[in-house]
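A.B. asks: Quick note, the sequences are listed as chains Y, Z, U and B, same order. Residue numbers for the first sequence follow this note's numbering, beginning at 1 and rising by one. Residue numbers for the second sequence follow this note's numbering, beginning at 409 and rising by one. Residue numbers for the third sequence follow this note's numbering, beginning at 817 and rising by one. Residue numbers for the fourth sequence follow this note's numbering, beginning at 957 and rising by one.
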Amino acid sequence: MLETSLDIQTIRKDFPILARTVHGQPLVYLDNAATSQTPNQVVNVIVDYYHRYNANIHRGVHTLSQEATDAYEVARQKIQKHFNIGKSHEVIFTSGTTHSINLVATGFTSFLKKGDEVLVSAMEHHSNIVPWQMLCERTGATLKVIPMNMEGELVMEKYHNLLSEKTKLVFCNHVSNALGTVNPIEEIIEGAHKVGAAVLIDGAQAAAHIKSDLQALDVDFYTVSAHKMCGPTGVGILYGKEAWLNKLPPYQGGGEMIAEVTFEKTTYADLPHKFEAGTPNICGGIAFGAALDYMNQLGFDAIAQYEDELLQYATERLLSIEGLKIYGTAKHKTSVISFNIEGVHPYDIGTILDKLGIAVRTGHHCAQPIMDFYKIPGTVRASFSFYNTKEEVDKLVEGVKRAKNMLL
Amino acid sequence: MLETSLDIQTIRKDFPILARTVHGQPLVYLDNAATSQTPNQVVNVIVDYYHRYNANIHRGVHTLSQEATDAYEVARQKIQKHFNIGKSHEVIFTSGTTHSINLVATGFTSFLKKGDEVLVSAMEHHSNIVPWQMLCERTGATLKVIPMNMEGELVMEKYHNLLSEKTKLVFCNHVSNALGTVNPIEEIIEGAHKVGAAVLIDGAQAAAHIKSDLQALDVDFYTVSAHKMCGPTGVGILYGKEAWLNKLPPYQGGGEMIAEVTFEKTTYADLPHKFEAGTPNICGGIAFGAALDYMNQLGFDAIAQYEDELLQYATERLLSIEGLKIYGTAKHKTSVISFNIEGVHPYDIGTILDKLGIAVRTGHHCAQPIMDFYKIPGTVRASFSFYNTKEEVDKLVEGVKRAKNMLL
Amino acid sequence: MNIQDIQEEIVDEFSMFDDWMQRYEYMIELGKSLPLIEEQYKTDDNLIKGCQSKVWVHAELDGDKLVFTADSDAIITKGIIAILIRAFSNQKPQDIIDANTDFIDEIGLKEHLSPTRANGLVSMIKQLKLYAVAYQTQLK
Amino acid sequence: MNIQDIQEEIVDEFSMFDDWMQRYEYMIELGKSLPLIEEQYKTDDNLIKGCQSKVWVHAELDGDKLVFTADSDAIITKGIIAILIRAFSNQKPQDIIDANTDFIDEIGLKEHLSPTRANGLVSMIKQLKLYAVAYQTQLK
Ligand SMILES: Cc1ncc(COP(=O)(O)O)c(C=O)c1O
Ligand SMILES: Cc1ncc(COP(=O)(O)O)c(C=O)c1O
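#1: Restricting to Cα atoms, I'd like to know which of Y:Ala314, Y:Leu353, Y:Ile358 and Y:Cys230 is closest to Ile337 of chain Y.
#2: What whole-angstrom Cβ distance do Phe884 of chain U and Ala875 of chain U have, given they're in contact under 8 Å?
#3: Could you check how far apart the C-beta atoms of Ala685 of chain Z and Thr98 of chain Y are, in whole angstroms? I think they sit under 8 Å.
#4: Whose C-alpha, out of Z:Pro785, Z:Tyr437 and Z:Thr412, is nearest the C-alpha of Phe423 of chain Z?
#5: In chain order, what residues of the region 363 to 397 of chain Y put their CB closer than 7 Å to some CB of chain Z?
#6: Are any of the Cβ atoms in chain B nearer than 8 Å to that of Lys325 of chain Y?
#7: Could you list which residues in chain Z have their beta carbon closer than 8 Å to that of Phe275 of chain Y, in chain order?
#8: With a threshold of 7 Å, establish whether the CB of Asn581 of chain Z neighbours any heavy atom of ligand 1.
#9: Who pairs with Pro434 of chain Z in a beta bridge, going by DSSP?
#10: Express the C-alpha separation of Leu292 of chain Y and Lys78 of chain Y in angstroms, rounding to a whole number.
#11: Which same chain residues end up closer than 7 Å to Pro350 of chain Z when comparing Cβ atoms and leaving out the 5 residues on each side of it in sequence?
#12: Residues of the region 411 to 423 of chain Z in Cβ contact with chain U at a cutoff of 9 Å, in chain order, please.
#13: Could you tell me which uninterrupted beta strand (DSSP E) segments, each at least 3 residues in length, are contained entirely in the region 623 to 655 of chain Z, listed from first to last along the chain?
#14: Would the beta-carbon of Ala204 of chain Y be found less than 7 Å away from any heavy atom of ligand 2?
#15: Residues of the region 844 to 872 of chain U with a CB closer than 8 Å to any CB of chain Z: list them in chain order, please.
#16: For the region 1013 to 1053 of chain B, which segments carrying the beta strand (DSSP E) assignment without a break, of at least 3 residues, lie completely within its bounds, in sequence order?
#17: For chain U, is any of its Cβ atoms less than 8 Å away from the one on Tyr755 of chain Z?
#18: How about Ile1032 of chain B and Ile966 of chain B: are their beta carbons less than 8 Å apart?
#19: For Gly432 of chain Z, which option in U:Tyr840, U:Met843, U:Glu841 and U:Trp836 has the closest C-alpha, if you only look at C-alpha atoms?
#20: If I follow the unbroken alpha helix (DSSP H) through Asn828 of chain Z, where does it start and stop?
#21: Classify Ala476 of chain Z as buried or exposed, calling it buried when 16 or more other Cβ atoms lie within 10 Å of its own Cβ.
#22: State yes or no: is the beta carbon of Met406 of chain Y nearer than 8 Å to at least one beta carbon in chain B?
#23: Mind pulling the chain Z residues with CB within less than 8 Å of Gln252 of chain Y?
#24: Going by the CB atoms, is the gap between Lys926 of chain U and Asp887 of chain U shorter than 8 Å?
#25: Thr351 of chain Y CB to nearest chain B CB: under 8 Å?
#26: Taking only beta-carbon atoms, is Asp478 of chain Z less than 8 Å away from chain B?
#27: For chain Y, check one thing: does any of its Cβ atoms lie closer than 8 Å to the Cβ of Glu1062 of chain B?
#28: Would you say Leu143 of chain Y faces chain Z, with C-beta separation under 8 Å as the test?
#29: Taking the straight line between their C-alpha atoms, what separation do you get for Val182 of chain Y and Met156 of chain Y?
#30: Nearest to Asn281 of chain Y by CA position, among Y:His345, Y:Tyr50, Y:Ile8 and Y:Val397, is which residue?
#31: Between the region 612 to 621 of chain Z and the region 210 to 220 of chain Y, do three or more beta carbon pairs fall short of 8 Å?
#32: Relative to the alpha-carbon of Glu398 of chain Y, which residue among Y:Ile352, Y:Thr379 and Y:Arg381 has its alpha-carbon at the smallest distance?
#33: Ligand 2 and Ser939 of chain U: does any heavy atom of the ligand fall closer than 7 Å to the residue's C-beta?
#34: Below 8 Å on the Cβ atoms is my guess for Thr139 of chain Y versus Leu162 of chain Y; work out the distance and round it to an integer in Å.
#35: Between which two residues does the beta strand (DSSP E) holding Lys325 of chain Y run?
#36: Using 7 Å as the cut-off, classify the Cβ of Ala291 of chain Y as near or not near the heavy atoms of ligand 1, replying yes or no.
This is the structure:
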């Protein structure tokens, strides 16, 4: 048994999906970095919404609309509190991290010019690369890459050398989805601010494991997807400092984001509405709040501590398999293990594991530049959540051994 | 009793929310044009998703991911079939109509130049005005307005006069949310195509009432929000002709929408993925499919016929109230009634109706230009769905009378 | 009378009503008797944001006391602002700043107290207090 | 043997196995014995889209028959394509076009038959048939 203050067996009962079978085997769900599972406590909030107060929000005088609006705004406040955000209107509801990042990247179009530089880390998700490439194409700014080393850590010395008064923006994920590396974002933010650059931290992978204090971090933008932290699909947030959000132009046009519309001229609404055009994912936002409640009730310290135990145990056990190589061996990691077995394609391992009921992700994990760096087609990625167990790690290890025997 | 082949009392049991009370009164939900209610059949699909196969889609080798992907793609095919769309990849999942319209408006940036003209109808929702204003600001194209008459119908003669070889785009809603007018989109599309202009029809209000054959309409783009047709919040679609979708640049950058990413160069994926960056609202898309199943099982002919009966009955009864004026008296209407009582502010009526358990919308309905046209601050809008009853119309009429007595 | 006394008086008045209809009818009455703002003060500056109906509030000093006048195009909103003005007008800025507003709840308008409410009751209270703060500084 | 006969033969072979492990092991065997594509044909043009692993297929005419060679960087994918090639290679284009593929289901690979499956079995079948169509036109 691993040490933890959490009662994992009781927690697992909150997730009915964990009791299902796959190909006749009990499901072992180790694809949490792609999407985490959703507890009954959150699903019940969704059902309750549709059964009791489903209505379009804002400006409605009737009770249902009022109840939905209040619940949605309470969710915004829960998010504000969770991330220690200064003002609730600095929380912009989006459809997820990808949407959040694109909102910022599009908004910066008029702020950049030829000669400006944009720094992006070598271990980004495509969602945190492509929008900046598009931005640089539009503006003539140059995209520069903060390199990483073989352990999958950013080379901070090189980062500091890349910084100059030309640097206008720095983008980096808090945690790499492909490697699990926790990046030194405090240092990244501080360095960027010294040269007057703004920083966006992609928190998609971090938020399920690390409770960040965004005011203390002094970060300019931070992005989160609910579906990676026990919440529903189709909702996330962009945190932005008020001053930045006031400066950025609106992203999408539509209802709610305007103060006054005539065919001649339109004036935009105040924050957060300026960036929340159209009917949002109302139910999703409310359920996101419930997901934070759920995780906070377990406690992020307890979650992180237990996940770290799983990580250490799994790393040790997997490394006992000959020919197995782990990509991403940073000192500071979340519970993600990317690996390959020499001479075996990750897809083959994933397929055999699936037959054994074990769900892992295989491929480039939307991070091709990392694969290019290691000169591999992809990896097998097992990612652990607080509801996973030591026994499941053992099954993974046995499964990998069996796959290896079949495939080699 | 109104005539209908639908068993309304049985249908109402599918919607638990309809049995609730508001201020001690049974809820009379007449805000369907803002958001329709969601039947158990759809909510159950949502619960089943989270209980059984919640996973990130595409490229996953494990069973859960495969099941989620299949269900999501089956939903896309249901939508394709429902709207008689030629190819399933012409169905782009979005977070709703507002997102769909912005995708197209942004995409047209490089296709327009100074001197080009963009036509938009006088009775649009802000979601179908602001994005085009932003587009015209970016490109120097001119926004021209197709005028309407006092009945709330477009003046088609003027439309044809506005068309010229300068016209590049025409935007119009299929049904006006503020007035209920069903616009002659066949004629609008034909006219625009004669001068080589593309047409986007905003189907947000129409889709719950009219089953459109998009191939027969030959429309270039059509937009829908699930939450207005018994589906969940946070999901919708953009239909686009393949040729247009291939021509438009991608809207957002991220995972899934690329074929190959290096820091030097990115190539984009095929349709529909090119426009579906990031983790989509997977559960929402699947539930949207279930909503179409539900409505098709009732039958759109039966729905339209019954809603029309409700409309006729309600119109007649409301007009019997002295001083009540209906805005939007087009010959061809869906079940929406916008009205005011002389000398009374719509907000006051809405507030009293709410006290009686009756949910209507008041205000400008995100269509300020219509309010400016009629020189009113707003209207009271009652919008009926197939689950509403004659008795509920009676309650509305009694409620309005009572409000009038209190307020005048 | 000080603010506390007036609020208690209002609560007493409303406690005589059995149901919401009577309460609303009374509120509408109050709205009709609201000391109207002069037309020249119905400016965008005096408009309170966040209401579905328009609400203008004007404030001016009378000696060391602050006097409010207001108007709205909706009669229920006017009734609400009339109640607020009755409680807060003709009082010292500091007293207005310090006043609590629990009486709103007690007279059955609790549902209007949500900050997201389209009638903007919360915005109105905030605006009255903002005026008080501004004039308080001026008085010093 | 015609395509139908070969397919039945394959089904027979697979029916001897009790569980998926044996089936997969056999498939892996078949993959290892796949008639390899020549390096020069491992071009992007011959790459099949929609697979997580890379799959190249090359086709050329031998008289009036179409001969396929293939490769993949993943061994299970290679096994799948080996089965397809065994069924379709050395056959007349028209027969390939007409062939049904129900045997895939019967040998327990049904789960791979989803069009969204990352291994691209459906894409592979489509590609083999596309080659057949192309060469069929050429033969005429
Ligand atoms: C005609 C029309 N267009 C567009 C919209 C915007 O749809 P959504 O808010 O779902 O993006 C609406 C919704 O009110 C509408 O009625
Ligand atoms: C580090 C990182 N950034 C961004 C994303 C994109 O998030 P979403 O797909 O929810 O928009 C992901 C999700 O895989 C991620 O892991």
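We put the beta carbon where it would ideally sit given N, CA and C, even for glycine.
C.D. replies: Reading off the structure:
#1: For the purposes of this step, residue 337 of chain Y is identified with residue 337 of the first sequence, where counting begins at 1. With distances taken between CA atoms, Ile337 of chain Y lies nearest to Y:Ala314 out of Y:Ala314, Y:Leu353, Y:Ile358 and Y:Cys230.
#2: Counting from one through the third sequence, the residue named residue 884 of chain U turns up at place 68. Counting from one through the third sequence, the residue named residue 875 of chain U turns up at place 59. The C-beta distance from Phe884 of chain U to Ala875 of chain U rounds to 5 Å, short enough to meet the 8 Å contact threshold.
#3: For the purposes of this step, residue 685 of chain Z is identified with residue 277 of the second sequence, where counting begins at 1. For the purposes of this step, residue 98 of chain Y is identified with residue 98 of the first sequence, where counting begins at 1. So it is a contact: roughly 5 Å between Cβ atoms.
#4: Residue 423 of chain Z sits at position 15 when you count from the first residue of the second sequence. Looking only at Z:Pro785, Z:Tyr437 and Z:Thr412, the smallest Cα-Cα distance to Phe423 of chain Z is reached by Z:Tyr437.
#5: Listed by position, the residues of the region 363 to 397 of chain Y near chain Z (Cβ gap below 7 Å) are Gly363, Cys366, Gln368, Pro369 and Asp372.
#6: For the purposes of this step, residue 325 of chain Y is identified with residue 325 of the first sequence, where counting begins at 1. Residue contact with chain B for Lys325 of chain Y: absent (no Cβ-Cβ distance below 8 Å to any residue of chain B).
#7: The count along the first sequence starts at 1 and reaches residue 275 of chain Y at position 275. Close to Phe275 of chain Y, with beta-carbon spacing below 8 Å, lies no residue of chain Z; the smallest spacing is near 12 Å.
#8: In the second sequence, the residue the question calls residue 581 of chain Z occupies position 173. Flag set: Cβ of Asn581 of chain Z near ligand 1.
#9: Indexing the second sequence from 1 puts residue 434 of chain Z at position 26. In DSSP, Pro434 of chain Z forms a bridge with Z:Thr429.
#10: Position 78 of the first sequence, counting from 1, holds the residue named residue 78 of chain Y. Position 292 of the first sequence, counting from 1, holds the residue named residue 292 of chain Y. Lys78 of chain Y and Leu292 of chain Y: Cα-Cα distance of roughly 7 Å.
#11: The question about residue 350 of chain Z has no answer here: the residues shown for chain Z are numbered 409 through 816.
#12: For chain U, none of the residues of the region 411 to 423 of chain Z brings a beta carbon within less than 9 Å of one of its beta carbons.
#13: Listed in chain order, the beta strand (DSSP E) runs fully inside the region 623 to 655 of chain Z are 629 to 633 and 644 to 648, counting runs of at least 3 residues.
#14: For the purposes of this step, residue 204 of chain Y is taken as the residue at position 204 of the first sequence. The beta carbon of Ala204 of chain Y sits closer than 7 Å to at least one heavy atom of ligand 2.
#15: Going along the region 844 to 872 of chain U in chain order, one finds Ile844, Gln868, Ser869 and Lys870 with a Cβ nearer than 8 Å to chain Z.
#16: Fully enclosed beta strand (DSSP E) runs of 3 or longer: 1021 to 1028.
#17: Counting from one through the second sequence, the residue named residue 755 of chain Z turns up at place 347. Closer than 8 Å: yes.
#18: For the purposes of this step, residue 1032 of chain B is taken as the residue at position 76 of the fourth sequence. For the purposes of this step, residue 966 of chain B is taken as the residue at position 10 of the fourth sequence. Contact: no.
#19: The residue you call residue 432 of chain Z lines up with position 24 of the second sequence. Out of U:Tyr840, U:Met843, U:Glu841 and U:Trp836, U:Trp836 has the C-alpha closest to the C-alpha of Gly432 of chain Z.
#20: Here chain Z covers residues 409 to 816 and nothing more, so residue 828 of chain Z does not appear.
#21: Position 68 of the second sequence, counting from 1, holds the residue named residue 476 of chain Z. Classification for Ala476 of chain Z: buried.
#22: Here residue 406 of chain Y refers to the residue found at position 406 when the first sequence is read from its first residue. So yes, Met406 of chain Y belongs to the interface.
#23: Residue mapping note: residue 252 of chain Y aligns to position 252 of the first sequence, counting from 1. Ordered by position in chain Z, the residues that pass the 8 Å Cβ test against Gln252 of chain Y are Thr506, His507, Asn510 and Pro539.
#24: Walking along the third sequence from the start, residue 887 of chain U turns up at place 71. Walking along the third sequence from the start, residue 926 of chain U turns up at place 110. Taking 8 Å as the cut-off, the beta carbon of Asp887 of chain U is found no closer than this to the beta carbon of Lys926 of chain U.
#25: Numbered from 1 along the first sequence, position 351 holds the residue referred to as residue 351 of chain Y. Among the CB atoms of chain B, one or more fall inside 8 Å of the CB of Thr351 of chain Y.
#26: The count along the second sequence starts at 1 and reaches residue 478 of chain Z at position 70. Yes, Asp478 of chain Z counts as interfacial toward chain B.
#27: Reading the fourth sequence from its first residue, position 106 is the one you call residue 1062 of chain B. So no, Glu1062 of chain B is outside the interface.
#28: Counting from 1 along the first sequence, the entry for residue 143 of chain Y is found at position 143. For Leu143 of chain Y, the nearest CB of chain Z lies under 8 Å from its own CB, placing it at the interface with that chain.
#29: For the purposes of this step, residue 182 of chain Y is taken as the residue at position 182 of the first sequence. For the purposes of this step, residue 156 of chain Y is taken as the residue at position 156 of the first sequence. Their Cα atoms are separated by approximately 13 Å.
#30: Mapped onto the first sequence, residue 281 of chain Y falls at position 281. When each option's Cα is compared against that of Asn281 of chain Y, the closest is Y:Tyr50.
#31: Short answer: they don't touch.
#32: As a first step, residue 398 of chain Y is located in the first sequence; it is residue number 398 there, counting from the start. Nearest option by C-alpha distance: Y:Ile352.
#33: Working through the third sequence from its first residue, we reach residue 939 of chain U at position 123. With a cut-off of 7 Å, the C-beta of Ser939 of chain U is classified as distant from ligand 2, since no heavy atom of the ligand falls inside that distance.
#34: Taking the first residue of the first sequence as 1, we reach residue 139 of chain Y at position 139. Taking the first residue of the first sequence as 1, we reach residue 162 of chain Y at position 162. Contact between Thr139 of chain Y and Leu162 of chain Y does not hold, since the beta-carbon distance rounds to 18 Å and is not under 8 Å.
#35: Numbered from 1 along the first sequence, position 325 holds the residue referred to as residue 325 of chain Y. Taken as a continuous stretch (DSSP letters only), the beta strand (DSSP E) holding Lys325 of chain Y covers Leu324 to Tyr327.
#36: Here the question's residue 291 of chain Y lines up with position 291 in the first sequence. Ala291 of chain Y Cβ: outside cutoff for every heavy atom of ligand 1.
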